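Chains as they are written, first to last, in my numbering: chain A, 1 to 333; chain B, 1001 to 1333.
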């Protein structure tokens, strides 16, 4: 096998088969992974959740993960957020000619490990190779299917006035990590991405109550963007307390130096949950028992102030949280 | 709305919402298209077929279609080939900063039109924007899910000695079209891509008999590559007759000038079918009644000569069809 990806690896011929065999089949092997045009898969539910995400993160390798891990987590989490058990993942690679085969294998290995942890099977894939300079190293698009849990139906459109707003952990770690990896700021800080598969975290939430209104993972644009999305979809307002928002100390430090708000930095392993007040404390307790949500917290509640997110400062004063706009940091995920 | 895509359109914030609203929601509107993390979808089968394909075709607009039409056809056809009814499609766009919004709308409109014809719903999407020079214009990855038709199970691994080998139409048109669009050869010929959604074509085949062994769409690498794939998967041989392979006259002309074999040029609307001899003529008859397979033909049969594809020339002589290898034409799909 060559050491670098060539256009022939994407031609659909012998070299493509060799690449699939030596990298993808080797790492993704399972009884459902198909050599045919599509995988044929059993489903044990009347409803499926289906989602897709493209991943273009730069650099592709970062503290706490790589584009492969991220590409599995992102789609697994989107499916879990609907109250479904993630089952099947497809992945499509677009690779730049000259990309090292060893790096591709590192990415595939991370995908396989994350898929195993998340309990999903990678069932089908596609590989395209484009010329030097026609794509920046490697982009991955995953799609996934999950089996909807009976009796659960979450949506950004059904937040209720009075709902508690919970975040499943400290915010802004992924965005902060990528920012530091870019080396443009000359800042050194001990931050790793929060990138994690959250299917089992969602199951823990739903084991407290199936009557959860919204579960959404705060990716691009961070928690602040999610709050505004829910305001808009549900036509409600939200009030949050600045002091209650968990932020890791090094993230606070970096944000302080650069004048950024961690609320707008991407997470890749954090959920925003809107749930009735009566179950909110039990949800936080359940989250604290799970590996990726040990510092979950209630950060606010839903108000009647439709379309507005307000934030209370520790020493008094309530202001409107600015609407996210423009480009915060490109190629974060 | 701006006239060109900016990084802000991929930030996940307000401009992303505007882009989704003004292009994607407008064209893809259906009751299942989701503003949430994943679409929740009814399935009326115990088995689903699931597939994905990335599309990087260059140029993105070509005679007979564009990358949007292609991205729907490719995934619809992969699902149909398994004997499933294509139902749901997701699409993930990766767009270069500066790409014209009007061009993106042309692509989205083609996707919507093709999805409507194919009877599939576009249920979820994702949009990433990367900097100038980090991707070549626009790449689209689609994934799809179909409901498996009870009693049908096709696979490249179950071709039987004696099976008739059928192609659903004249071969090599898509590859020939892209080649001519590239303008590198200075050849002018009246060729359009065969790009088409083939769900209903597959249904017509299965209405003749559910006992079809292999259905595969001949994309990258063309029919020649598919024949070798099936040889390998099923451990059989294949003999085809050169005179029986339908090739459009202008494609023949171009291939003659450039020394190419249409058997290795990509199709995007052609199926290769392996079926018992007893039903082969009826399948061809059924195909002739469908819009995208009016010149379907039996081109050969499965032999015991495992791993070998032989080709009989019109005036006698039988040779081994060369194994496809290397890069024929990059970014064909």
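Yeah, the Cβ is synthetic: ideal placement off N, Cα and C, and Gly gets one too. This one's a predicted model, so the numbers in the text were calculated from it and none came from an experiment.
DSSP, reduced to helix, strand and coil, places residue 202(A) within a helical segment of the structure shown. If you check the CB distance, residue 55(A) and residue 192(A) do not come in under 9 Å.
The Cβ of residue 1146(B) sits closer than 9 Å to at least one Cβ of chain A. Annotation: residue 158(A) is outside any alpha helix (DSSP H) and is labelled neither H nor E by DSSP.
Across the structure, residue 1302(B) and residue 207(A) are spaced so that their CA atoms are roughly 55 Å apart. Residue 175(A) sits in a helix when the DSSP states are folded into three classes. The distance from the Cβ of residue 1231(B) to that of residue 1237(B) is about 6 Å, consistent with a contact at the 8 Å cut-off. Scanning 68(A), 117(A), 123(A), 21(A) for the CA closest to the CA of residue 30(A) turns up 123(A).
1112(B) is the residue among 1076(B), 1080(B), 1331(B), 1112(B) whose C-alpha sits nearest the C-alpha of residue 1026(B).
Under a criterion of Cβ atoms nearer than 8 Å, the residues of chain A adjacent to residue 1049(B) are, in order, 38, 39, 40, 41.
The C-alpha of residue 1041(B) lies about 44 Å from the C-alpha of residue 189(A). In this structure, DSSP gives residue 96(A) an extended state, which the three-state scheme calls strand. Taking the Cα positions, residue 140(A) is about 31 Å away from residue 246(A). Uninterrupted beta strand (DSSP E) stretches at least 3 residues long and entirely within the stretch 1235-1284 of chain B occur at 1237-1241, 1271-1275, given in chain order. Residue state for residue 187(A) is assigned as coil, using DSSP reduced to three classes. Distance from the CA atom of residue 178(A) to the CA atom of residue 1129(B), rounded to whole angstroms, is 17 Å. The Cβ neighbour count for residue 1102(B), taken over all protein chains shown within 10 Å, is under 16; the residue is labelled exposed.
Residue 128(A) is bridged by DSSP to 94(A). Comparing alpha carbon positions, the residue from 1284(B), 1276(B), 1269(B) closest to residue 1292(B) is 1269(B).
Under the 9 Å criterion on CB atoms, residue 1128(B) is classed as interfacial with respect to chain A. Within the stretch 69-95 of chain A, contact with chain B at the beta-carbon level (separation under 8 Å) is assigned to 77, 78, 79, 81, 82, 84, 88, 90, 91, 92, 93, 94. DSSP lists 145(A), 1039(B) as the beta-bridge partner residues of residue 50(A). The DSSP-derived three-state label of residue 65(A) is strand.
Residues of the same chain with a CB within less than 8 Å of the CB of residue 1218(B), apart from the 5 flanking positions on each side, are 1167, 1171, 1225, 1226, 1266, 1267, 1270, 1271, 1272 in chain order. Residue 1057(B) sits away from residue 1096(B), with the two beta carbons spaced by 9 Å or more. Take residue 1159(B), set aside five residues on each side of it, and the residues of its chain with a beta-carbon closer than 6 Å to its own are 1213, 1214, 1230, 1234, 1236, 1274, 1302, in chain order. Burial check for residue 1046(B): the Cβ neighbour count within 10 Å stays below 16, so the residue is exposed. Taking a beta-carbon distance threshold of 9 Å, residue 131(A) counts as an interface residue toward chain B.
The beta-carbon distance between residue 195(A) and residue 317(A), rounded to whole angstroms, is 34 Å. This is too long to meet the 8 Å contact definition.
The continuous beta strand (DSSP E) containing residue 1318(B) extends over residues 1318-1320. Exposed is the label assigned to residue 182(A), since fewer than 16 other Cβ atoms lie within 10 Å of its Cβ. With a 10 Å radius around the Cβ and a threshold of 16 neighbouring Cβ atoms, residue 1261(B) comes out buried. For a Cβ distance threshold of 9 Å, residue set 8, 11, 13, 14, 15 of chain A lies close to residue 1325(B), ordered along the chain.
Secondary structure note for residue 297(A): its beta strand (DSSP E) is the uninterrupted segment 297-303. Nearest Cα to residue 145(A) within the set 6(A), 281(A), 86(A): 86(A). Minimum Cα-Cα distance from residue 1289(B) among the listed residues 1076(B), 1186(B), 1169(B) corresponds to 1169(B).
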